[in-house]
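Just below is one structure, and these are the notes that go with it.
As structure tokens, then:
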């Protein structure tokens, strides 16, 4: 894989992770009523940060796919799941049980094997 492809892959991971974490931060807002919660959500900076990250990620993903085959891009993109799960644990205290950790290791192994053959 070229250095440019690696750059776009890493940038995709950062944008995807930031987008998911920002949406989670926006979603945990609590208010007395549903209407107030949605009003606060729509004016929440994390919501718009997440939307912006996903818009940029779309462009970065297209750039990555212009450099690698779709099959490789999809395999490499699955590492985002692992990064988001670890970041969710770190920032939001989300639970990582044995099965989730095993799944994360299997994903990581699959990405390493598929990326190493490119």
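In our numbering, the protein residues as written are 10 to 127.
From the three backbone atoms N, C-alpha and C, an ideal C-beta is built for every residue, glycine too.
May I have the straight-line CA-CA distance separating residue 103 from residue 59, to the nearest angstrom?
Taking the first residue of the chain shown as 1, we reach residue 103 at position 94. Taking the first residue of the chain shown as 1, we reach residue 59 at position 50. If I take the Cα positions, the gap works out to 19 Å.
With 16 as the cutoff for other CB atoms within 10 Å, does residue 29 come out buried or exposed?
For this step, residue 29 is matched to residue 20 along the chain shown. Classification for residue 29: buried.
What's the C-alpha gap between residue 87 and residue 39?
On the chain shown, position 78 is the one that residue 87 refers to. On the chain shown, position 30 is the one that residue 39 refers to. Rounded to the nearest angstrom, the two C-alpha atoms are 31 Å apart.
Below 6 Å CB to CB, which residues in the same chain sit around residue 93 once its five sequence neighbours on both sides are set aside?
Within the chain shown, the letter at position 84 stands for residue 93. Correct list, in chain order: 26, 29.
Mind the definition here: the segment 110 to 121 touches the segment 47 to 54 only if three or more C-beta pairs lie below 8 Å; say whether that holds.
no
Helix, strand or coil at residue 43 [DSSP, three-state]
As a working mapping, residue 43 is identified with position 34 in the chain shown. In the structure shown, residue 43 sits in a helix (DSSP, three-state: H, G or I).
Do you know offhand how far residue 152's Cα is from residue 71's?
Summary: the structure shown does not reach residue 152, with the chain confined to residues 10 through 127, and so no result is reported for it.
CB contact flag (residue 108, residue 91, <8 Å)
Numbered from 1 along the chain shown, position 99 holds the residue referred to as residue 108. Numbered from 1 along the chain shown, position 82 holds the residue referred to as residue 91. No.
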